[in-house]
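Take a look at the structure below.
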Amino acid sequence: MIIDDSGLRATVLEEGLREAGYDDIQIVAPQGAFVARLERMAPDVVLMDLGNPSRDTLEEMLVVSRALAKPIAMFVDRSDDVMIGAAIDAGVSAYVVDGLRKERVKPILDLAIRRFNAFARMQAELDEAKTALADRRTIDKAKTILMSSRNLSEPDAYSLLRTTAMNQGRRIVDVAEALITASSLLGPSS
Amino acid sequence: MTPLSIAFLPLTDSAVLVAAREKGFAADHDIALALVRAESWATVRDRLVFGQVQAAQMLAPLALAVTLGLSQHPAAIAAPFKLNVNGNALVMSPTFAAALDPDVTARAGDPVATAHDFATAIGLYRRKPVIGVVHRFSSHALMLRYWLGFAGVDPDRDVTLRVLSPSLMVAAMRSGEIDGFIAGEPWGSAAIAAGLAELVTLGSRIWQRGVEKVLAFREDWLAANPDTVDRLILALSRAAAWCDDPAHHAELADLLARDTYLGQPAELILPALAGQMVPRLGDPALHAPDAMIFHREAAGFPWRSQALWIYSQFVRWGWIEAGPDTERRAADVFRSDIYRRALAGTGEPMPGASMKVEGSIGVSLPVGSSKGSLTLGPDRFFDGAVFDPSDIAGYLTATGENSPGL
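Protein sequences, first through last, are from chains S and L.
So the first sequence is residues 0 to 189, counted in numbering that gives the first Met the number 0.
So the second sequence is residues 0 to 405, counted in numbering that gives the first Met the number 0.
The following block contains the structure:
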């Protein structure tokens, strides 16, 4: 069972698990009565994002639940500190039903760690691309202000921004942002 | 500089850690402090137990539970410093609170009458009320259980206690998943400001000087790094003094409001710091000067008797069997010896003893202190009971005679 509210990450993980031959996979969002659903499904392994605030709710269920026949502990083997460290780094928490053999759990956890890492990289790249796009819009807006207020051509407006940034040791986008703020304070620029 | 990471949860009582970093107290003591935000106590615990951080802000009862093997990942935890005293609020939906005293200030001011009214309100409510608590092993849950138990309410039978991370409480109120909750600030104030809840009582009205968050280390790491531990405690003690000063509350609220820390508006954070909480949307603020204490009265001092009170509650609710060995291990989590070592020679007032009879101080009292002058504030439990750490069995018998749980 996977508990996740990021639909995409859960899908990425589910695909990986299916490719590896696991077919009884359920994805549950950590809202409302997710604990009751979990009890009904009686999973062997529960995978959850370490950053998810609902982990305390899940662990409480592990303490009080009478519906689960077997106790669930986090990770299968305390002795495997390297793997636990890797899991925490990747942001994976795993709860495993007592009695499930280590050889069966390790590949699942390995896979979850790899997929979580891959997803985090993908997310970082996406964020970077979004920032780059937003930066370009800001710079374009600052150029437009300079072009109309100082009567500059587009290349000249850009080179003015760049020179100012270099002289002040700041990023072009920061200079552009300051210019936009200042210009809005000074009133409509014709 | 010694690099050091501390895990924390977005709560007003992470103030001392935030001030230590942002106001340069950690750097003054040659510590490059990194604060690692977590979203659940489970993650705070995992990062500490598996050594991804060297220290953590932790619920005092959770530090005992991890040490005693009641939580996932048992490990010996050492808590040489308390990060704050008090800071919780119990809030309930207006529908439920309609059966309580309509004067919210009077309601919050009289926890005895309100406990009885609350018991009646449970019977009048359309279903068994669901109350959010931040963790089974939290001071909040222990105080709520203690308060309900006084009025004859069995917290395991007459209400449903649902564990939710503090940051999820407001959304759970909105969706109707819970009817109220007890959590650290600013979450009570956030629910009140949204018109979803009103104040029932404050943690400081249940136990006037309640243990809240502690600075937790793994015991083996603490033993292996005495110099770093001492410098950190020095830095945190100075940061705590800075946080307690009313002149700094506005700046502190602004620091905590940052996205990397709480990510909540400063105007929701300030009231608990200033002891001026709005109990209901549109009502005037309530004066509660002890709502949250960081430094005065040697607030950071980990009284071993307070660890033992927590242990007594674990026994009361059947979470652990009483025994001399367990009792000693519980008391040993609170390392007053390390506090003394770290702050020796600083002029910080130092209690002469490491245990006291909890709940016995009615008005502020100057007490024996090996250094400086120390005044302890009133530490009464609302029901007037006193906890003598040398007679836990007697205390529990007396509790059992007039309340559920035993």
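Glycine included, every Cβ here is placed at the ideal spot set by N, Cα and C.
Here the structure is a predicted model, which is why all the values come from computation and not from measurement.
C-alpha gap between residue i and residue j, whole angstroms
| i | j | result |
| --- | --- | --- |
| S/PRO154 | L/TYR260 | 42 Å |
| L/GLN312 | L/ASP12 | 23 Å |
| S/ALA68 | S/MET40 | Residue confidence is low: S/ALA68 scores 49 on pLDDT, short of 50, so the model does not pin down where it sits. No coordinate-derived value is stated. |
| L/ARG340 | L/ASP229 | 7 Å |
| S/VAL75 | L/MET172 | In this prediction, S/VAL75 has a pLDDT of 48, which is less than 50 and means its spatial position is unreliable; nothing more can be read from the coordinates. |
| S/LEU46 | L/MET57 | 24 Å |
| S/GLU59 | S/LYS140 | 52 Å |
| S/ALA66 | S/PRO42 | No answer about S/ALA66 holds up, because its pLDDT of 48 lies below 50 and its placement is not dependable. |
| S/LEU160 | S/MET146 | 11 Å |
| L/PHE103 | L/LEU195 | Rather than Phe, the amino acid found at residue 103 of chain L in this sequence is Val. C-alpha separation (whole angstroms): 15 Å. |
| L/GLY202 | S/LEU7 | 41 Å |
| L/ALA238 | S/LEU125 | 39 Å |
| S/SER188 | L/ALA265 | Its pLDDT being 47, under 50, S/SER188 is placed unreliably in this model, and the coordinates cannot settle the point. |
| L/ASP410 | L/GLY209 | Limits of chain L in this structure are 0 at one end and 405 at the other, which puts residue 410 of chain L out of reach. |
| S/LEU61 | L/MET291 | 33 Å |
| S/ILE112 | S/GLN30 | 24 Å |
| L/ILE391 | L/ALA6 | 33 Å |
| S/PHE33 | L/VAL52 | 30 Å |
| L/ASN224 | L/GLU357 | 32 Å |
| L/VAL35 | L/SER4 | 7 Å |
| L/VAL48 | L/GLY68 | 12 Å |
| S/ALA19 | S/GLU13 | 10 Å |
| S/SER53 | S/ARG103 | 26 Å |
| L/GLY317 | L/ARG156 | 14 Å |
| S/THR137 | S/ARG149 | 18 Å |
| S/ALA177 | S/SER152 | 20 Å |
Under 9 Å from the C-beta of residue i: neighbouring residues of chain L
| i | result |
| --- | --- |
| S/THR56 | SER39, ARG161, VAL162, LEU163, SER164, LEU167 |
| S/GLY84 | PHE49, GLY50, GLN51 |
Per-residue contacts from residue i into chain L (C-beta, under 7 Å)
| i | result |
| --- | --- |
| S/GLU59 | ARG135, VAL162 |
| S/VAL62 | ARG135 |
Selection from the options that minimises the alpha carbon distance to residue i
| i | options | result |
| --- | --- | --- |
| L/THR113 | L/ARG125, L/PHE136, L/LEU143, L/ASN87 | L/LEU143 |
| S/ILE110 | S/VAL174, S/ASP4, S/THR180, S/TYR21 | A small fix is needed here, since residue 110 of chain S is Leu in this sequence, not Ile. For S/LEU110, the nearest C-alpha among the options comes from S/TYR21. |
| L/ARG154 | L/LEU167, L/PRO165, L/VAL129, L/VAL169 | Note on identity: in this sequence residue 154 of chain L is Pro, with Arg being the wrong assignment. When only C-alpha atoms are compared, the closest one is L/VAL129. |
| L/LEU235 | L/ALA273, L/GLY179, L/GLN263, L/PHE300 | L/PHE300 |
| L/LEU82 | L/PHE293, L/GLU320, L/ALA306, L/ILE391 | L/PHE293 |
| L/ASP336 | L/SER70, L/ALA77, L/VAL65 | L/ALA77 |
| L/ASP100 | L/ALA182, L/ASN87, L/ASP116, L/SER92 | L/ASP116 |
| L/VAL111 | L/HIS139, L/VAL133, L/TRP146 | L/TRP146 |
| S/ARG36 | S/ASP88, S/LEU57, S/ARG103, S/LEU16 | S/LEU57 |
| L/VAL133 | L/ASN224, L/LEU8, L/ARG46 | L/LEU8 |
| L/PHE380 | L/SER92, L/ASP109, L/ARG44, L/ALA59 | L/ASP109 |
| L/ILE30 | L/ILE268, L/ASN87, L/ASN85, L/ASP226 | L/ASP226 |
| S/ILE89 | L/ALA98, L/PRO79, L/ARG46 | Per the sequence presented here, residue 89 of chain S reads as Ala, with Ile not at that position. Considering only alpha carbons, the answer is L/ARG46. |
| L/ILE121 | L/SER137, L/ALA105, L/LEU32, L/GLY151 | L/GLY151 |
| L/SER389 | L/LEU307, L/ARG44, L/GLY346, L/ALA97 | L/LEU307 |
| L/GLU326 | L/ARG161, L/ALA222, L/THR66, L/ALA182 | L/THR66 |
| S/PRO106 | S/SER148, S/ALA86, S/ARG169 | S/ALA86 |
| L/LEU214 | L/LEU231, L/TRP206, L/THR200, L/GLY23 | L/LEU231 |
| L/ALA88 | L/ALA246, L/LEU16, L/ASP253, L/PRO270 | L/PRO270 |
| S/ALA133 | S/VAL81, S/ALA175, S/ARG114 | S/ALA175 |
Cross-chain neighbours of residue i in chain S, by beta carbon under 8 Å
| i | result |
| --- | --- |
| L/THR42 | LEU49, GLY50, ARG54, SER92 |
| L/GLU176 | GLY31 |
Proximal chain B residues relative to residue i, where beta-carbon distance stays under 8 Å
| i | result |
| --- | --- |
| S/ILE87 | In the structure shown, chain B does not exist; the protein chains are S and L. |
Span of the alpha helix (DSSP H), counted from its first residue to its last, around residue i
| i | result |
| --- | --- |
| S/SER182 | 171 to 184 |
| L/LEU16 | 14 to 21 |
| L/GLY179 | Unbroken run through L/GLY179 is the beta strand (DSSP E), 179 to 183; no alpha helix (DSSP H). |
| L/ALA6 | Element bounds for L/ALA6: not the alpha helix (DSSP H) but the beta strand (DSSP E), 1 to 7. |
| L/MET142 | 138 to 149 |
| L/ILE121 | 110 to 123 |
| L/PRO225 | 225 to 243 |
| L/VAL366 | Premise fails: L/VAL366 lies in the beta strand (DSSP E), 364 to 366, not in any alpha helix (DSSP H). |
| L/ILE309 | 303 to 315 |
| S/VAL34 | 33 to 40 |
| S/VAL11 | 6 to 18 |
Run of the beta strand (DSSP E) containing residue i, from where it starts to where it stops
| i | result |
| --- | --- |
| S/TYR94 | 91 to 96 |
| L/THR159 | 159 to 162 |
| L/GLY187 | No beta strand (DSSP E) contains L/GLY187, which is instead part of the alpha helix (DSSP H) from 186 to 192. |
| L/ILE337 | L/ILE337 -> not in any beta strand (DSSP E); alpha helix (DSSP H) instead, spanning 335 to 342. |
| L/GLU197 | 197 to 201 |
| S/ALA28 | First-last for S/ALA28: undefined, no H or E at that position. |
Distance cut-off 7 Å: residue i Cβ against heavy atoms of the ligand MG
| i | result |
| --- | --- |
| S/VAL11 | As presented, the structure is devoid of all ligands, the ligand MG included, so that no description of it is given. |
Starting from the N-terminal side, write out each stretch of the beta strand (DSSP E) that is 3 residues or longer and does not extend beyond the region 54 to 97 of chain L. Counting only runs of 3 or more, we get 54 to 58, 76 to 81, 87 to 91.
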